[in-house]
Amino acid sequence: MSDGDANGGDGRGSEAADGEWVALFSGGKDSSWALYEALRAGMNVTHLLTVHPSEDSYMYHVPATRLTSLAAESIGIEHVNVEPDDFDAPNAVDAGAQGDAELEPLERALRDLADDLEGGLAGVTAGAIESEFQTSRIEAMADRLGCEVFAPLWEEDPRELGEAMLEAGFEITILQVAAYGLDESWLGRTLDHDALDELDALNDEYGVHPLGEGGEFETFVTDGPHMERPIELAYDTVWEGNRGHVEITDARLV
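So this is what it looks like as structure tokens:
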């Protein structure tokens, strides 16, 4: 991982800034781990911020983001939502321009929130592992906002990260798959040590990222050491030939 200078640098490991921190939070394993590590480091995380994109997104985790309200209640941190209506219809056809357009409502929400934070906005947490596409845009946004980025997963070994999540007590459910080797049996599956072994094999055979960094699969954390109560899910599976997702029919705090 690249460690950022507390007063600037790339910001990917910074944790020394004063003020309040906002966790960019999808409910998936990576953003949840970034939040967990920030809390373990004693950082003053006062808000979770979830973006709800209206369709396929280059910047954001898409499936089941509405579950984040339950996760926020369990975690006990105030929750802020950026709704699909906050997005302008993208005019861009290339990924880079669309990514920039998708970032605008997040930046507006953070700017508005910063005005109400005691001591100002210290920074944001981010769950990126290898994606320069996402990370470079978040860092540029942070520069414009005058805050830091805390990205504790950045350039860490994915298998070691997965093992660390499990050892910490994260319970992780796979919500969506879209890659060779990932069939319908993966939908709703718990990401455990056996699953990590299989993902390593799929990485060797097909290049599947062991933690789904390329969008091969998406997850939701139903329990962890940072949560007061676990989340119980009921769902149906939807399979579309070479990809699929779970359709949540019920979710509740246990």
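The numbers in this note's numbering rise by one with no breaks, and the one at position 242 of the sequence shown is 286. A virtual CB, placed ideally from N, CA and C, is assigned to each residue, including glycine.
- Rounded distance between the beta-carbons of L240 and E207, thought under 8 Å: Taking the first residue of the sequence shown as position 1, residue 207 is located at position 163. Taking the first residue of the sequence shown as position 1, residue 240 is located at position 196. The pair is a contact, with the Cβ atoms about 7 Å apart (cut-off 8 Å).
- Query: Whose C-alpha, out of M271, L165, A85, M185, is nearest the C-alpha of L297?
  - Reply: Start at 1 with the first residue of the sequence shown, and residue 297 comes out as number 253. If we check each option's Cα against that of L297, M271 comes out closest.
- Task: Using a Cβ-Cβ cut-off of 7 Å, state whether A170 counts as contacting chain C.
- Result: This model lacks chain C altogether, as it is built from one protein chain only.
- Alpha carbon to alpha carbon, what distance is there between D227 and S70? Position 26 of the sequence shown, counted from the start, is the residue given in the question as residue 70. Position 183 of the sequence shown, counted from the start, is the residue given in the question as residue 227. S70 and D227: Cα-Cα distance of roughly 24 Å.
- Alpha carbon to alpha carbon, what distance is there between A67 and A223? The count along the sequence shown starts at 1 and reaches residue 223 at position 179. The count along the sequence shown starts at 1 and reaches residue 67 at position 23. Taking the straight line joining both Cα atoms gives about 28 Å.
- Task: For S75, I'd like the list of residues in its chain whose CB is within less than 8 Å of its CB, leaving aside the five on either flank, ordered along the chain.
- Result: By 1-based counting over the sequence shown, the position of residue 75 is 31. Correct list, in chain order: A67, L68, F69, H105, T169, A170, G171.
- Task: Note down the Cα distance separating L219 from D159, rounded to an integer number of angstroms.
- Result: Taking the sequence shown and counting its residues from 1, the one referred to as residue 219 is at position 175. Taking the sequence shown and counting its residues from 1, the one referred to as residue 159 is at position 115. In a straight line, the C-alpha of L219 is about 35 Å away from that of D159.
- Report the three-state DSSP secondary structure of R296 (helix, strand or coil). By one-based count along the sequence shown, residue 296 stands at place 252. Of the three classes helix, strand and coil, the one that applies to R296 here is strand, per DSSP.
- Query: Just how far apart, CA to CA, sit A191 and S229?
  - Reply: Locating residue 191 in the sequence shown gives position 147, where the first residue counts as 1. Locating residue 229 in the sequence shown gives position 185, where the first residue counts as 1. Rather than Ala, the amino acid found at residue 191 in this sequence is Cys. Cα to Cα, the separation comes out at about 42 Å.
- Query: Which one of D62, A85, N125, P149 has the shortest CA to CA distance from L92?
  - Reply: Position 48 of the sequence shown, counting from 1, holds the residue named residue 92. Checking every option, the nearest Cα to that of L92 belongs to N125.
- Query: Using the rule of at least 16 other Cβ atoms within 10 Å of the residue's Cβ for burial, across every protein chain shown, is D267 buried or exposed?
  - Reply: Taking the sequence shown and counting its residues from 1, one reaches residue 267 at position 223. Its Cβ being crowded by 16 or more others within 10 Å, D267 is buried.
- By Cβ distance, which residues of its chain are closer than 8 Å to H96, with the 5 residues on each side in sequence left out? Walking along the sequence shown from the start, residue 96 turns up at place 52. T109, R110, N125, V126, E127, P128.
- Query: Thinking C-alpha only, which one of D238, A116, D62 is nearest P254?
  - Reply: Walking along the sequence shown from the start, residue 254 turns up at place 210. Of the listed residues, the one whose Cα sits closest to P254 is D238.
- Distance between E151 and E183 (C-alpha atoms, nearest Å): Looking up residue 183 in the sequence shown gives position 139. Looking up residue 151 in the sequence shown gives position 107. A direct Cα-Cα distance of roughly 11 Å separates E183 from E151.
- Message: Starting from N247, trace the alpha helix (DSSP H) in both directions and tell me its first and last residue.
- Response: The residue you call residue 247 lines up with position 203 of the sequence shown. Run containing N247: 237-250, per the alpha helix (DSSP H) assignment.
- Item | Proximity of A205 and T281 at Cβ, strictly below 7 Å | One-based indexing of the sequence shown puts residue 205 at position 161. One-based indexing of the sequence shown puts residue 281 at position 237. One point to set straight first is that residue 205 is Leu, not Ala, in the sequence displayed. In this structure, T281 does not lie closer than 7 Å to L205 by Cβ.
- Contacts around I216, its chain only, beta-carbon distance under 6 Å, and the 5 residues preceding and following it disregarded: Taking the sequence shown and counting its residues from 1, the one referred to as residue 216 is at position 172. Contacts found: K73, L235, T263, V265.
- Item | Through-space distance from D244 to G163, alpha-carbon basis | Taking the first residue of the sequence shown as 1, we reach residue 163 at position 119. Taking the first residue of the sequence shown as 1, we reach residue 244 at position 200. Looking at the two C-alpha atoms, the distance is approximately 44 Å.
- The alpha helix (DSSP H) enclosing F177, as first and last residue numbers: Start at 1 with the first residue of the sequence shown, and residue 177 comes out as number 133. It spans 176-189 - the alpha helix (DSSP H) in which F177 sits, taken as one unbroken run.
- Nearest CA to the CA of A186: which residue from P202, G167, Y250? Within the sequence shown, numbered from 1, the residue matching residue 186 stands at position 142. Answer by Cα proximity: G167.
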